[in-house]
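Residue numbers (my numbering): 1006 to 1682. Yeah, the Cβ is synthetic: ideal placement off N, Cα and C, and Gly gets one too.
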C-alpha cells in the first residue's frame, strides 16, 4: 500500500511493508520526514500509519496542533487530496495507492524507511547538471524480493495472553509456569499474528496442551484482529521497578520451581483459585469487612500431636480466609491491597506464611493499580493537550490538578507514578501552561494598547476583560488583574465622556492610493521603494537572530518598547512597559516582524536606516501603504529638510496621493509636517 506526500520543499513516496507500516513527520532530526525551515512545527509532529488497508495520522501532542483541510483534528483517516497543516508548514497527500490527487511532480518509489529520506530531483536533466544520482524506479510488485514477516513482539504477547486467559477460564489450569506449553503457545501466536495481517480472524488449535486430573487438555480458541490492539489487563510491577523481562523464580517449601516469564503486556488471570491443603476449593465471595473475612472457615477440631502440625493447620485456615477475601470482585484493588497487608501482618504474628499465594496476589494487585494509573495518565494527556490547544488554560491546569490529587489519594499508586515519571511530567506541563497563560495575557494587553492608541476604548475594555478571564493564579492576578481591572474601568468611563472618535484599523484589503511620481527620489519609483523596505526588513530579521544583537529601545503606540530577537526563530520579542500607579508594569509579546503593527515596524526602520533622502522616501511610501498618513507627512518634511530643492518633487508626489492640486508655493509645513492646507 503506497502513499505520496509533498512538503513545501520536497516530495516523498512510501510503500508499507510487513513490519514497517508507519513514519513520523516533524522539524527535528528524529523525524523520518523533515520539515525544513519550519519554526512552529514540533520535532515529531505527527505519525502517519498504515493499518488494515488504510492510512491515517495521529498528532504526537504537538504544541501547534494539526489541521486537516483547515479543521483541527487530533487523529483521522487520510485520503488523496487531503492537506495537513503542521504549524507553519503544509503536508499534501498527493496519492494513496490508486487514488490520485491533483497532478504533482513525479516522485521515485521508496520502501518505507528502508533508505534515508533524501530530496527528490524532479528533472533528470537537472539531476545530470547538478551531478546528483537519480533514484532508480521501484521494482514491480511481483519482482520484489521476498521478505520474511517478523511479528511484532507486542502483538505476539497480546495474542498469547488472550489465549492463555481463555484456556484458564475454560479449564481452570494455569500453564504460564510450564516452559514447554508456553513455547508452543508463543510459536502459535506468532503464526496467528502473521495470518491476521490478511484475515480478520484465525484459530489457535494446540492438542494435548496440558495434562489435567481427568486427562489431557486441549487449547482451541479463535483470535480476532481486534485482539492485536487491546491493552493488557496486567503488567508485572515489582517494588516500583519497570516490568522485567527476566524470569521470576518463586521459592516454595525450600525448593526452587521453574521461572515464570511475564512479558510486558501479558494477560495473567485476575481470579485466584486455590486448593487449600484440606482439599477445599474456595470459590465463594466473602461478605462483610476484612475483619469479618478473617473469621476461620474450618471449625472442626484438628488433632495435633506436634507444634509443626499445629502451625500447618493454622496456615491452611489462614490461606482459606485469604483466598476467600481476595476473590471479592466488588472491592477496588487498593482496598484488596490493604486486606493483603492485614493478612500478611496476621501471618507474621502467627509465625506462618502466605507463601506463593501472597506473592502472586500482590503482583496481580500492583499490576491492576499500575494499569489504572496508566489509564488516568493517558486521559489527562489528551484533556490537557486538547484544552491547551483551545486556549482553555484553566481547564488544562484543572486536568493536571485532578491527576495530582488522584495520585495523592493512596500511597499504593506511588510505585506506578515513579515508574511513569509523573512527578516531573506534571511539573513540566504546569510550567508549559503557565508560560502559555503568560503569553495569552501579554497578547490581550497588547491588543488593549493598540485599541487605546486608536482611541477605541470599548475594544480596549473588551480585550482587558478577556485577559482577566484567562488568568487564575494568585500571582498573576496580583501582577496583572488589578492593573487590568482599573485600566478597563477607566476606558469604560472615558468612553462616556468627550473623547476623540475611534480611528479604525487600516484596511489592507482595499486598493492602495493612486501611485505618485517618486522617480526623482527613488529608483523605479514606488515599486523600488517597496523592494528597498522588504529587503531591509529581511536584513533586520537576520541581524536580530545573531547572538550579539543589542535590543532596540523605541517608542510606539504611546508605549516604551524594547525589541529583541529570538535565537533560532523568525519571531521578535517585545518587552512593553505601561504605567501602573507610581510605577510600571512589564509584559512580553512574541510575533514575526512582518506581523507587528505598522507603527512599531516604522519605528524600527526609522532607527535602523540612515537619514538619507532615498531612505526617508522609502519610509514615506511604507506609511502610505499602511495607513500611517500623519507619519507620511513627517517623512515628507524630513526629505525637504535634508534637501530643500526636493520640495517640488515631494509636493507633486503628495498631491497625487492626497488627490489635491499643489498650491503655488507648495504644501505648507506645520509642526515639522507637510500638511494638506
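According to the DSSP secondary-structure assignment, residue 1081 is paired through a beta bridge with 1062. The alpha carbon of residue 1368 has as its nearest neighbour, out of 1421, 1350, 1524 and 1428, the alpha carbon of 1421. Measuring C-alpha to C-alpha distances from residue 1618 to each of 1057, 1668 and 1523 identifies 1523 as the nearest. The DSSP-derived three-state label of residue 1419 is helix.
In the three-state reduction of the DSSP assignment, residue 1016 falls in the strand class, which pools E and B.
Only residues of its own chain outside the window of five on either side were considered, and among them 1230 have a CB closer than 8 angstroms to the CB of residue 1057, listed in chain order.
In this structure, the beta-carbon distance from residue 1045 to residue 1037 does not fall below 8 angstroms.
If you draw a 10 Å sphere on the C-beta of residue 1328, you find 16 or more other C-beta atoms in it, and that means buried. Here the alpha carbon of residue 1536 sits roughly 48 angstroms from the alpha carbon of residue 1059. Contact annotation, residue 1393 with residue 1441: C-beta distance approximately 6 angstroms; criterion of less than 8 angstroms satisfied.
Excluding sequence positions up to five before and after residue 1632, its CB lies within less than 6 angstroms of the CB of 1511, all in the same chain and listed in chain order. For residue 1561, the enclosing beta strand (DSSP E) begins and ends at 1557-1561. Going by C-alpha positions, residue 1066 is about 7 angstroms away from residue 1050. Shown here, residue 1597 sits in a strand according to DSSP, grouped into three states.
Contact between residue 1048 and residue 1031 holds: their C-beta atoms lie close to 5 angstroms from each other, under 8 angstroms.
Annotated three-state conformation of residue 1567 is strand, per DSSP.
Minimum Cα-Cα distance from residue 1337 among the listed residues 1370, 1353 and 1312 corresponds to 1370. Straight-line spacing of the CA atoms in residue 1429 and residue 1607 works out to 45 angstroms. Cβ atoms of residue 1446 and residue 1525 stay farther apart than 8 angstroms, at about 49 angstroms. A contact between stretches requires three or more CB pairs, one per stretch, nearer than 8 angstroms, and the region 1401-1418 fails this requirement with the region 1354-1367. Judged by beta-carbon spacing, residue 1611 lies within the 8 angstroms limit of residue 1624, meaning their Cβ atoms are closer than that value. For residue 1461, no alpha helix (DSSP H) run applies, since DSSP gives it neither H nor E. Of the candidates 1388, 1417 and 1186, the residue whose Cα lies closest to the Cα of residue 1165 is 1186.
When the five nearest sequence neighbours on each side are left out, the beta carbons in the same chain lying within less than 7 angstroms of the beta carbon of residue 1578 are those of 1569, 1571, 1593 and 1595, in order along the chain. Contact check for residue 1085 against residue 1063 fails: the beta carbons are separated by 8 angstroms or more. A residue is called buried once 16 or more other Cβ atoms fall within 10 Å of its Cβ, and residue 1385 is buried on that count. Of the other Cβ atoms in all chains shown, fewer than 16 fall within 10 Å of the Cβ of residue 1543; this residue is therefore exposed.
Residue 1638 carries a helical assignment under DSSP once its states are collapsed to helix, strand and coil. For residue 1097, the three-state secondary structure derived from DSSP is strand.
The C-beta distance from residue 1658 to residue 1521 rounds to 4 angstroms, short enough to fall under 8 angstroms.
At the C-beta level, residue 1677 and residue 1621 stay beyond 8 angstroms of one another. Only residues of its own chain outside the window of five on either side were considered, and among them 1018, 1019, 1020, 1021, 1100, 1101, 1102 and 1114 have a CB closer than 8 angstroms to the CB of residue 1007, listed in chain order. Close CB contacts of residue 1425 within its chain, under the 8 angstroms cut and outside five residues either way in sequence, are with 1378, 1379 and 1382 (chain order). With contacts defined by Cβ atoms closer than 8 angstroms, residue 1016 and residue 1053 do not form a contacting pair. Where residue 1514 is concerned, there is no enclosing alpha helix (DSSP H), because DSSP gives it neither an H nor an E. Residue 1224 sits close to residue 1168, with the two beta carbons spaced by under 8 angstroms.
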